[in-house]
Each structure stands twice: as structure tokens, then as C-alpha cells.
Amino acid sequence: MPHLKSLWPNPPTVPDHLNVFETILQQPHHDEWPDFVLHVDEETGKTRTFREVRKKVNDLAAALGGPKAERGLGLRAESGEIIGIMSDNSSDYVVLVLALLKIAVPFALISCFSTPFELRHALKVTKTTRLFTTPQYLSRVLPVVQEAGIATSKILMMNGRLDGYETLDGLVARADRISSPHHKVRIVPKDSLAFLFFSSGTTGLPKAVMISHGNLLFAFRQAVMVAQDRATVVKTPAPPTPDGLPVVLAFLPMHHTFGFHIYSIRAFTLPTRFVIFRRWDTGRVLRAITRFKATSLSMVPSMWYQLVNHPEFANTDFSTIFAVHSGAAHLPKEISSKVLERTPSNNFFSEGYGMSETTVSAIVRPYPGTLNGRFRNVPGTTGVLLPGMEARIVRADGSEADFDEVGELWLRGDNIVSGYFDNPKATQDCFINGWLRTGDHFKVNRDHYFFFADRAKDTLKVSGSQVSPIEIETVLLAHPQKLVSDVTVAGVRGGGRTSDELLPRAWIVLSENGRRLGASHTKAELERWHQTNLSKYKWLRGGIEVVEEIPKSPTGKTLRRLLQDQHEQRVATKAKL
-15 MPHLKSLWPN PPTVPDHLNV FETILQQPHH DEWPDFVLHV DEETGKTRTF
35 REVRKKVNDL AAALGGPKAE RGLGLRAESG EIIGIMSDNS SDYVVLVLAL
85 LKIAVPFALI SCFSTPFELR HALKVTKTTR LFTTPQYLSR VLPVVQEAGI
135 ATSKILMMNG RLDGYETLDG LVARADRISS PHHKVRIVPK DSLAFLFFSS
185 GTTGLPKAVM ISHGNLLFAF RQAVMVAQDR ATVVKTPAPP TPDGLPVVLA
235 FLPMHHTFGF HIYSIRAFTL PTRFVIFRRW DTGRVLRAIT RFKATSLSMV
285 PSMWYQLVNH PEFANTDFST IFAVHSGAAH LPKEISSKVL ERTPSNNFFS
335 EGYGMSETTV SAIVRPYPGT LNGRFRNVPG TTGVLLPGME ARIVRADGSE
385 ADFDEVGELW LRGDNIVSGY FDNPKATQDC FINGWLRTGD HFKVNRDHYF
435 FFADRAKDTL KVSGSQVSPI EIETVLLAHP QKLVSDVTVA GVRGGGRTSD
485 ELLPRAWIVL SENGRRLGAS HTKAELERWH QTNLSKYKWL RGGIEVVEEI
535 PKSPTGKTLR RLLQDQHEQR VATKAKL
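According to our numbering, the sequence shown is numbered sequentially starting from -15.
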């Protein structure tokens, strides 16, 4: 089977020099929009209009990039500046990332759930020079930042004030003192770094994925083409809101690829209201659907699972929901069916496949009837290639797989990033002659529909987020009492929020110290230790098992599959008893 090309026409070519900000928030039609309420804080009810947000973005950009002589920060990418952002969802989060895009200063999106261990790694990998965070996280952040050599004066507050620290609002207030040349968009080469996302790639510790301005613009154009094609087939009903605007509930983490693009990059294609949740809460989301007359829902599978299994699901009015979408991982049909039963009859459950290395998406399930009637609603499919993309299905020996044969998915297109920041070895392993090795197994039929088969890579997907087994192993081995001499972590079935979700499980070999402490006490101590040092979604919900040795191949490679099979056999045997 030769490599496949998207069935859609190619998007317009990305220019050699650009700034994606011009496409996001500086189009002629933006000047013609009414001043509608753009952001609503779900918790406080505080609102910001479109023009208020746009002005704050432009003022902040001027203050961040303006010269120090005019009380700006004088930020320049040429000076090696990389701005870390560690915050809950907020209107100011959107304002900050757009302001940094406008002045073409790269930033790193750091999970607000980061433990000190995770934050230390993130700051080191991204070479962060300044950090925006919130007062509530300062006690956790400050010791790590000081250890990383970042001066206290380079820690800035957002979503609140704290004595002795520069604030985002304080910077905005200075904008009227900055001369007009510093209010302009900075045009840069298309391969200029826009920001860094974290990904585990196919294996290993989390790595910083380099997203360029060209990647962003191409991905934006892909999404617009798909939406425009859908509009030729189905007309979305007028939103039942007082001002006729669609309403999006913004609860996906803004530091995650999925949420970042929906709420920051694609948010200004049409006038839309975003109800911003600081973080996910199933009950509050269900109540907000009715309260705000939400018109669309985009979630990762674990969120959909929590939604349909919540006691309030059956009594929630979904009649205003005209678009439903799932991403980041496979969504079982039994969950999507429950959602579709509650929404208007003409609804279609859109799904897709992507990863940080594809900027956001690579494959999408198209609306039936698009592409001049060619696309159909094919059961079980992940979808088809987005515009401008190419793919290969590759066997283990490197040869091309045939149609309907499972192999590793390789992808190529202008939304594929150039690699990992300051990590040539990992880049070389995953990016080969312009192709991205995804590490995921797919098959494709003769109609070019892709079907997810399995994850070939060690990395797990838990609650829609990547989990690196090596990161968990590193934490267990780093226990100050050195309780284990060898360890491996892999995914096991059972207890996940979806039928195919694998939970991290650790197999450990006790060290001398571990044997003296005893197996049960060691397991309890390692539970406490790893939960202190890792975000909750990385916890070992699959358990910890003590073994005499970790099986290895003659070349020294850990045989995780053998341990996984043994575990599943024991579980199956118990289930029969």
C-alpha cells in the first residue's frame, strides 16, 4: 500500500514570514464584530466583552515587549526568553498566550497540577526564564524556581495580586506609556518557535514539543476547511441564547493541547461565548449546560465517562447541544450512544486523533455527506486524514502494510512539528525524513478510513493525558531510602473509566532496605511517595506488585508484556472463581 494523501484539497500554502496572531485576532472582520460577552467566569459570574479582551491582549503585548526605558519588560525571543505559564483556566490565561504570540516570544505551558518533581523537570527541559503563576501556587513554585536559578523578580502573578510581585494587570496598566511601534505584531520566519507543549513521545520522560507559528497557522487552516465543508451539508440551528451566540463550556485544561486550541487559537473564528471553568467538575458542568444554554461540548473520553455516569445526567436538559466532540483518546461507542440519545436527533458525534507532535489533530471523523457526498458515517472509524496530510502504515520490519493490515501510523504534513526542544536524540528517534512515527497502531481500508488498533509505544493515555512509565519508574527509584533495586511500569486493564483505558501498574524488586522494611510497608511507603511527587492522573491505580526479578530479554530490554499477561491471567482466573 503506497502512502496515503488526504481526500480533501490542500490548505493554502503557509507564507515564509508570518505571525499567527494576525489570523487569530487581527482579521478585518474582527473590527466589525459587535461587543458581545466573550468570557464568563463560571465560578464568580464576572464577564469580559470581546473588545475588553482584545484591548487587554494588545496592551499586555505592548508592556511585555516594550522597552525597559518606557517601563516595559523588553522581552525578545532573540534574548533567549521563554515564558513559563502555570495557572488554572481563566480569561487572563487566554490574554497572556495571545499577547506572547503577538510579540513572538515563546512560552511553555506547564500543568497547574505539577508537583515539585514535575515542575523541576519542566523548568529544566524548557529553559524557562520567567514564570507566570497564581498566588495559590506560589508556595509550591518558589522553592523549585529558586533551585532552577530563576530570580524572584522574574516570577509574575496572574489571576490575583501578591505583595512584592509584578502582576499581569500591573503590566497592562503601563501600556499607555509604551510608544506605538511596540504595539505592532512582530512578523517572524514561519519556523519560529511559538510555544512548547509537553509530550512523552513514544517513550521516556516528558519532552517539550516545539510548535512553530507555521504549524499553528496550518493547523488553523485545516480546521477551518473542515468546518466550511460541514457547513455546506448541514446548517447549525440558531443558538437558543438571549443574544443568539453559541456557548462553549471551557473546562478542558488550557495547558493541554485540546483545550488550548479550542479556547485560545480557534476561539475567534465566529462570535462565541466561553464559560470558563477553573478546572473540571462534573456536577457543575452538567448544571452549567442548562444554566448557560451550552451549544457544544468537547471532552476527552474520561470526562464523557464521568458525565454519562453522574447522577444528574438523566435529569439534565441537553436540547441546546448541537455539536459534540471527543478527542485525545479512543471513545467507546457505548458512551457516545448515551450522549446522542439525549441531544437533538440530527446530532453527530465527531471524533479525532492527534497528539502534541501533530500540533493538535491529524485524523477526524468527517460529517456524513461532506467532500461532495463522499464521506459516510462508518462505524468504529477514527476518521480520515485532515487536509494537507499524508500517512503510511508501517510493519515492524519497516515495509509498507497492506490495506486492512495493522501497522504503526506515520504522518507527514505542515502541522507536524520539527521535533523536541533541545533534545536531538528524541527528535531523531521520532522524526524520520519529515515523517512522524506516532507509536500508535492503526489499519486503513481502501476508502481511506483509519481504525485505531493499539498503542505500540510505552506511553499510556490516562484521562486523555499522556503518562510516561519511565517518569513513574524514576520517581520510585528516587525514594530517599532506596527501597527498590529494579522497577518497571506498564498499563493494565480493569478499573479504567473506559473499557480500553490502561491503568499504570508497577512491578518492583525490593532492595536490601526494602526487604528490611518488609513488602507491605514498602508498598505503602511507595504509594505515599509517588502520590506526593506525581500528578493524580499518573498515580499507580493499577497497583504495586513485588516480584523477585523483572524479566529481561537477552539484550537487556524489559519484557513488560510478559508481566502484563501474567497479571491479566490472574485477574481472569479470579473472575471465574
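For every residue, glycine included, the Cβ atom is placed at its ideal position computed from N, Cα and C.
Out of the options, which one is the CA nearest neighbour of residue i?
i           : options            : result
residue 190 : 355, 19, 551, 94   : 94
residue 55  : 409, 159, -9       : 159
residue 553 : 499, 476, 504      : 476
residue 364 : 403, 320, 327, 555 : 320
residue 525 : 507, 318, 166      : 507
residue 69  : 406, 80, 146, 204  : 80
residue 493 : 528, 486, 513      : 528
residue 13  : 359, 464, 431, 253 : 253
residue -14 : 157, 466, 402, 387 : 387
residue 173 : 237, 3, 86         : 3
residue 509 : 468, 62, 531       : 468
residue 308 : 105, 166, 283, 40  : 283
residue 20  : 228, 382, 273, 317 : 228
residue 113 : 77, 285, 135, 246  : 135
residue -10 : 212, 170, 432, 236 : 432
residue -4  : 107, 498, 208      : 208
Helix, strand or coil: which one does DSSP assign to residue i?
i           : result
residue 77  : helix
residue 2   : strand
residue 419 : strand
residue -8  : coil
residue 450 : strand
residue 433 : coil
residue 114 : strand
residue 25  : strand
residue 164 : helix
residue 513 : helix
residue 222 : coil
residue 538 : Note that residue 538 scores 49 on pLDDT, short of 50, meaning its location in the model is unreliable; the coordinates nonetheless yield the value given after this. Three-state DSSP puts residue 538 in coil, outside helix and strand.
residue 30  : coil
residue 546 : helix
residue 488 : strand
residue 586 : Since the first residue of the chain shown is -15 and the last is 561, residue 586 is not available in this structure.
residue 569 : Because the chain in this structure spans residues -15 to 561, residue 569 falls outside the shown range and cannot be described.
residue 12  : helix
Is residue j closer than 8 Å to residue i when the C-beta atoms are compared?
i           : j           : result
residue 343 : residue 199 : yes
residue 395 : residue 375 : yes
residue 276 : residue 234 : no
residue 73  : residue 263 : yes
residue 152 : residue 140 : yes
residue 418 : residue 398 : no
residue 99  : residue 519 : yes
residue 562 : residue 422 : One cannot answer for residue 562 here, as it falls past the ends of the chain, which runs -15 to 561.
residue 5   : residue 22  : no
residue 367 : residue 350 : yes
residue 249 : residue 204 : yes
residue 178 : residue 291 : no
residue 138 : residue 155 : no
residue 347 : residue 327 : no
residue 534 : residue 470 : yes
residue 267 : residue 245 : no
residue 50  : residue 162 : yes
Please report the Cβ distance between residue i and residue j, rounded to the nearest whole angstrom; I am assuming they are in contact, meaning their Cβ atoms lie under 8 Å.
i           : j           : result
residue 92  : residue 48  : Their Cβ separation, rounded to whole angstroms, is 15 Å, which puts residue 92 and residue 48 out of contact at 8 Å.
residue 341 : residue 193 : 6 Å
residue 310 : residue 333 : 7 Å
residue 501 : residue 446 : Going by Cβ atoms, the distance from residue 501 to residue 446 rounds to 29 Å, so no, they are not a contact pair.
residue 490 : residue 548 : About 12 Å; that fails the 8 Å criterion.
Could you give the residue range of the alpha helix (DSSP H) that holds residue i?
i           : result
residue 214 : 197 to 215
residue 47  : 34 to 49
residue 472 : Residue 472 -> not in any alpha helix (DSSP H); beta strand (DSSP E) instead, spanning 468 to 476.
residue 238 : From DSSP, residue 238 is part of no alpha helix (DSSP H); its letter is neither H nor E.
residue 321 : 317 to 326
residue 125 : 122 to 131
residue 291 : 285 to 292
residue 307 : Counting along the chain, residue 307 falls outside any alpha helix (DSSP H), though it belongs to the beta strand (DSSP E) covering 307 to 310.
residue 410 : 408 to 414
Just reading off the beta strand (DSSP E) that residue i is part of, what are its end residues?
i           : result
residue 155 : That residue, residue 155, is in no beta strand (DSSP E); its alpha helix (DSSP H) goes 152 to 157.
residue 375 : 374 to 378
residue 392 : 391 to 396
residue 336 : 333 to 337
residue 272 : Premise fails: residue 272 lies in the alpha helix (DSSP H), 266 to 275, not in any beta strand (DSSP E).
Hey, is residue i close to the ligand NAD, as in C-beta under 7 Å from one of its heavy atoms?
i           : result
residue 250 : The model on display carries no ligand, and the ligand NAD is accordingly not part of it.
Got a sec: is the Cβ-Cβ distance from residue i to anything in chain C below 8 Å?
i           : result
residue 400 : As a matter of chain content, chain C is missing from the structure shown, which is built from one protein chain.
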